[in-house]
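Quick notes on the structure that follows.
There are 2 protein chains.
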Amino acid sequence: MRAAKDRSVVEDYVKVIYAHTEWQPEPITTSVLAARLGLAASSVTEMVKKLGSAGLVTHVPYGAVELTSEGIRLALRMLRRHRLIETWLVEVFAYGWDEVHDEAEVLEHTLSDRLLEAIAGQLGEPSRDPHGDPIPTADGRVLRPEAVLLRDAPEGSIGRIVRISDRDPTLLRYLLDEEITLDVELTVLGRKPFGGALAVQAGAVEHDLGEEATASIWISTGEPSPAGGVPLETS
Amino acid sequence: MRAAKDRSVVEDYVKVIYAHTEWQPEPITTSVLAARLGLAASSVTEMVKKLGSAGLVTHVPYGAVELTSEGIRLALRMLRRHRLIETWLVEVFAYGWDEVHDEAEVLEHTLSDRLLEAIAGQLGEPSRDPHGDPIPTADGRVLRPEAVLLRDAPEGSIGRIVRISDRDPTLLRYLLDEEITLDVELTVLGRKPFGGALAVQAGAVEHDLGEEATASIWISTGEPSPAGGVPLETS
DNA sequence: GGTAGAATTTCGGTGTGCCGAAAATCAAGA
DNA sequence: TCTTGATTTTCGGCACACCGAAATTCTACC
Ligand SMILES: [Mn+2]
Ligand SMILES: [Mn+2]
Ligand SMILES: [Mn+2]
Ligand SMILES: [Mn+2]
Chain A
2 MRAAKDRSVV
12 EDYVKVIYAH
22 TEWQPEPITT
32 SVLAARLGLA
42 ASSVTEMVKK
52 LGSAGLVTHV
62 PYGAVELTSE
72 GIRLALRMLR
82 RHRLIETWLV
92 EVFAYGWDEV
102 HDEAEVLEHT
112 LSDRLLEAIA
122 GQLGEPSRDP
132 HGDPIPTADG
142 RVLRPEAVLL
152 RDAPEGSIGR
162 IVRISDRDPT
172 LLRYLLDEEI
182 TLDVELTVLG
192 RKPFGGALAV
202 QAGAVEHDLG
212 EEATASIWIS
222 TGEPSPAGGV
232 PLETS
Chain B
2 MRAAKDRSVV
12 EDYVKVIYAH
22 TEWQPEPITT
32 SVLAARLGLA
42 ASSVTEMVKK
52 LGSAGLVTHV
62 PYGAVELTSE
72 GIRLALRMLR
82 RHRLIETWLV
92 EVFAYGWDEV
102 HDEAEVLEHT
112 LSDRLLEAIA
122 GQLGEPSRDP
132 HGDPIPTADG
142 RVLRPEAVLL
152 RDAPEGSIGR
162 IVRISDRDPT
172 LLRYLLDEEI
182 TLDVELTVLG
192 RKPFGGALAV
202 QAGAVEHDLG
212 EEATASIWIS
222 TGEPSPAGGV
232 PLETS
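As given, the protein sequences belong to chains A and B, one line each in that order.
The first sequence begins at 2 in the numbering used here and counts up by one.
The second sequence begins at 2 in the numbering used here and counts up by one.
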């Protein structure tokens, strides 16, 4: 008997599969999935087979893993949980935005729906988390702001930061220190030679950002307010 | 690899062992432990052996299971977690006292120390949970009010309710309905013939309480305020 | 003191998610 | 088209907490 743990393993697989294609639409392979989950490739191949039998993913051998509509539904549920919890920790308990991910990673599997929705209510049903990731609604709709990776933004473009990946807490601390946070407006000045840093201007200050940073920051070059957006999944 | 789950299994064993002797000092056997945990006796025997190797319990074969000081320390830590969470759910999220136990049973294993202590701070370091169970301090001290089981209270005695077991939610709902709650003053009127109900008076109202209820309610016949108490464990 | 019945432990076995090594498959270049 | 190196899957095994049945041990009672 192993009910609780089982559930959370499945939940993690599905969540990671979804998250991988959320901002950059590239299908995920078992080996990438293994890397993200910190597991051996062989373990993931086996588990993916089980997820397939459970109707959560499709997987052509040697090919990509893709979520079914049921898989998407579960993934959005988990993302809502993860991101609400992160938001809650920041808002109610004054956690730093670099400190919330690990705790959310555990709690997303264990809070009851009742408690989670009570928290969402107390927070006023927020629409994005501390890193700019959209929080799906309880009925599985999600609005992702149109955005480009800072690394891919053309020279001279101006954009507002709409998302910063929370994968590396060190980076988050560095960026906060430099006052590069959500909603800050950036101007892309240009790239230093030989694959070097990207020069950007934030307010009056100029920064040289490395690959690590520019591959983690998304900017929106469109309208100045988070009014618009792309309905990503409506499962 | 199975770190999280492992921990919570051990935590549950230790917590149940401690809780069994908290209000009535009777040593616990493997079979009673199995019943409390909802497991087969054989499973418990094996696990107890492992807990022994881990230095958490002592167990003479065919005899009682007893916590070591390290086991008591872990048990008190878990009881603090469980009871703080129950209190928090009632205070902050308006859960009923009959609704908190199951959620706490899960969350006690998954909240970080940091979050738990933040919650304790917001609640003002409460000293008892919604059912009157004492909340151990973070450094493992606990003050249990002197109390007798209502079933064992002599006829004519007067006492204040200091604890109601939260094992049966149905009973909790019934008692709340009858306004028999923590701190209510009871007078034991007498027992109906043939092992029947116990008649008690609460305020102006008279109640006939069955075995189920009288074996779940503890009253304090001593001083009227929760000033005194017995330092139960100071591990 | 001997013995039946109850309590407890031992034993063989299960399901799950995981791993490393070996085998199979794919894809790119020659 | 063939080869080769990388990716992916298959295979045998492991650890863990659990279970039921069988064996052991204890405890009353005679
Ligand atoms: Mn996160
Ligand atoms: Mn986030
Ligand atoms: Mn409880
Ligand atoms: Mn309680």
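Beta carbons: idealized from backbone N, C-alpha and C, even for Gly.
Note that this is a predicted model, so its numbers are computed, not measured.
Can you tell me whether residue i is buried or exposed, with buried defined as 16 or more other CB within 10 angstroms of its CB?
| i | result |
| --- | --- |
| B:P135 | buried |
| B:S32 | exposed |
| B:P146 | buried |
| B:G72 | buried |
| B:S113 | exposed |
| A:S43 | exposed |
| B:T111 | buried |
| B:R168 | exposed |
| B:E212 | exposed |
| B:R3 | Low local confidence applies: a pLDDT of 48 at B:R3 is under 50, so the model's placement there is unreliable, with the coordinate-based value given in what follows. Exposed, by the Cβ-count rule. |
| A:E104 | buried |
| A:Y96 | buried |
| B:A154 | buried |
Just to confirm, are residue i and residue j a CB contact at a threshold of 8 Å?
| i | j | result |
| --- | --- | --- |
| A:E87 | A:V101 | yes |
| A:S158 | A:T215 | no |
| B:L75 | B:V15 | yes |
| B:V163 | B:W98 | no |
| B:L38 | B:D13 | yes |
| B:L80 | B:A20 | yes |
| B:I181 | B:H132 | no |
| A:T59 | A:E47 | no |
| A:D178 | A:K193 | no |
| B:L52 | B:V11 | yes |
Spatial neighbours of residue i within its chain, please: C-beta separation below 7 Å, excluding the five flanking residues on both sides.
| i | result |
| --- | --- |
| A:R84 | D130, D134 and I136 |
| B:V93 | none |
| A:I120 | L85 and W89 |
| B:G191 | E156 and A200 |
| B:R115 | none |
| A:E9 | A small correction: the amino acid at residue 9 of chain A is Ser; Glu does not occupy that position in the sequence shown. Contacts found: H110. |
| A:A65 | P28, I29 and T30 |
Does the CB of residue i have a neighbour CB from chain B at under 8 Å?
| i | result |
| --- | --- |
| A:E104 | yes |
| A:L116 | yes |
Is there a Cβ of chain A sitting closer than 8 Å to that of residue i, yes or no?
| i | result |
| --- | --- |
| B:A4 | Only weak support is given to the placement of B:A4: the predicted model assigns it a pLDDT of 45, under 50, and the question is left unresolved by the model. |
| B:A119 | yes |
| B:K51 | no |
| B:D13 | no |
Give the residues of chain A in contact with residue i, contact being defined as C-beta atoms less than 9 Å apart.
| i | result |
| --- | --- |
| B:V107 | A5, T111, L112 and S113 |
Which residues in chain B sit within 7 Å of residue i, going by Cβ to Cβ distance?
| i | result |
| --- | --- |
| A:F94 | L116 and A119 |
Among the residues of its own chain, which have a CB less than 8 Å from the CB of residue i, if the five just before and after it don't count?
| i | result |
| --- | --- |
| B:E106 | H83 |
| A:A35 | A41, A42, S44 and V45 |
I'd like the list of long-range same chain contacts for residue i, defined as Cβ closer than 6 Å, with 5 residues on each side in sequence excluded.
| i | result |
| --- | --- |
| A:E186 | R161 |
| B:V189 | A154, E156, S158 and V201 |
So which residues touch the region around ligand 5, with touch meaning a C-beta under 5 Å from any heavy atom?
-> Of the ligands this structure carries, namely ligand 1, ligand 2, ligand 3 and ligand 4, none is ligand 5.
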